[in-house]
Amino acid sequence: MIEDHMQLQPSVMGRIDFEQVNKINISMFERLISAPQENEVPSSVLSIQRRMRKNICDLTRDSYNEITKIEDHEVCATKVIGTLSKKTNPLLEACERGGREVSGVSPHIFFWTHSGAEERASVGLSRVNRKEATMTCKLVQYLVHCGVPPKSIAVLTPYKGQLMLMRKELMTTYGLRNMTKECDLDLPRHA
1 MIEDHMQLQP SVMGRIDFEQ VNKINISMFE RLISAPQENE VPSSVLSIQR
51 RMRKNICDLT RDSYNEITKI EDHEVCATKV IGTLSKKTNP LLEACERGGR
101 EVSGVSPHIF FWTHSGAEER ASVGLSRVNR KEATMTCKLV QYLVHCGVPP
151 KSIAVLTPYK GQLMLMRKEL MTTYGLRNMT KECDLDLPRH A
C-alpha cells in the first residue's frame, strides 16, 4: 500500500467531538503505522521527489525534516513541459516571450493576490471563490494554448464546491471538456 499517513485525516461534519472520542479521525493507514510493536506493520518513507523543481519543493521541504531528508531527482532540473505549436492563436504570441520549463511562463513560482471573496457554494457546506476559479481557469487555458499537455496540468483545491465550479467553467466557458478528472479526496488531477 502507498499512502501518506501524515496528511488529510478523516473528519465528521458534526457539532460534537464524536470523531476524537471514538478516534474516527485517525485513518486506517495511520492506525497500521502507529500500531503497538507486537502488531507493527513494516513501512518506509520515500525520500526522493521527482515532480517539482527544487525551488518549488523548497517551499515544503522543511515540513518533512523530522521524517526524512527529501532529495530532488536529477530529472527535476531538466524537465520541460509542453512544446510550442504553430501560431494558430493570438495567445501563442505571448508564449514566445519566455519560459524554460513551461512555454510562456518565465518564473518557476509566482503568487497571485486578488480581492475575490469566499462564499458558500450553492449546494452543501463547501466554499467557493468565483474570482479565484476564473483566474485559475484562464491560466489553465493559457497553458494549454502555449502547448502544455492537459495531462501535465494539475489544479488542487481542498473545497468540493470550488472543484465543481472550476470543472463547470473549464468545460463550458473554455471548452476543455476532457481535462476535468477527479482524483482521490475530491482533488482534481487534470483541471
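Number 172 in full-length UniProt numbering belongs to position 172 of the sequence shown; there are no gaps in the numbering. We put the beta carbon where it would ideally sit given N, CA and C, even for glycine.
Out of curiosity, what's the CA-to-CA distance linking His73 and Pro150? The sequence position of residue 73 within the sequence shown is 73, counting from 1. The sequence position of residue 150 within the sequence shown is 150, counting from 1. Spanning the two alpha carbons is a distance of roughly 23 angstroms.
Name the residue from Arg130, Leu125 and His5 whose alpha carbon lies nearest to the alpha carbon of Ser44. On the sequence shown, position 44 is the one that residue 44 refers to. The closest CA to that of Ser44, considering only Arg130, Leu125 and His5, is found on His5.
Span of the alpha helix (DSSP H) holding Met164? On the sequence shown, position 164 is the one that residue 164 refers to. For Met164, the enclosing alpha helix (DSSP H) stretches over residues Lys160 to Thr172.
Using a Cβ-Cβ distance cut-off of 8 angstroms, determine whether His108 contacts chain C. This model lacks chain C altogether; it includes just one protein chain.
Cβ of Arg130 within 8 angstroms of Cβ of Leu165? Along the sequence shown, one-based indexing puts residue 130 at 130. Along the sequence shown, one-based indexing puts residue 165 at 165. Yes.
Measuring alpha carbon to alpha carbon, tell me which residue in Ser106, His108 and Ala133 is nearest Gly116. Locating residue 116 in the sequence shown gives position 116, where the first residue counts as 1. Of the candidates Ser106, His108 and Ala133, Ala133 places its Cα closest to the Cα of Gly116.
Measuring only the C-alpha atoms, how far is Val75 from Gly124? Your numbering for residue 75 matches position 75 in the sequence shown. Your numbering for residue 124 matches position 124 in the sequence shown. Near 42 angstroms, if we compare the C-alpha coordinates of Gly124 and Val75.
What would DSSP say about Asp72, mapped onto helix, strand or coil? Walking along the sequence shown from the start, residue 72 turns up at place 72. In the three-state reduction of the DSSP assignment, Asp72 falls in the strand class, which pools E and B.
Endpoints, alpha helix (DSSP H) assigned at Phe110: Within the sequence shown, numbered from 1, the residue matching residue 110 stands at position 110. Annotation: Phe110 is outside any alpha helix (DSSP H) and is labelled neither H nor E by DSSP.
Option in Met135, Lys138 and Arg127 with minimal Cα separation from Gly161: The count along the sequence shown starts at 1 and reaches residue 161 at position 161. Distances from the alpha-carbon of Gly161 to those of Met135, Lys138 and Arg127 put Arg127 closest.
As a quick exercise: from Met52, Met135 and Phe29, pick the residue whose alpha carbon is nearest that of Ile109. In the sequence shown, counting from the first residue as 1, residue 109 sits at position 109. Residue Met52 holds the alpha-carbon nearest to the alpha-carbon of Ile109 among Met52, Met135 and Phe29.
By Cβ distance, which residues of its chain are closer than 7 angstroms to Cys57, with the 5 residues on each side in sequence left out? By one-based count along the sequence shown, residue 57 stands at place 57. Spatial neighbours of Cys57 in its own chain (CB-CB distance under 7 angstroms, excluding positions within 5 residues in sequence) are listed in chain order as Gln49, Ile70 and Asp72.
Closest by CA to Lys168, which one among Tyr159, Cys137 and Val148? Within the sequence shown, residue 168 is the residue found at index 168, counting from 1. The option with the nearest alpha carbon to Lys168 is Cys137.
Below 7 angstroms, is the gap between the Cβ of Leu163 and the nearest heavy atom of the ligand ADP? By its list of ligands, the structure shown contains no ligand whatsoever, and the ligand ADP lies outside what it can speak to.
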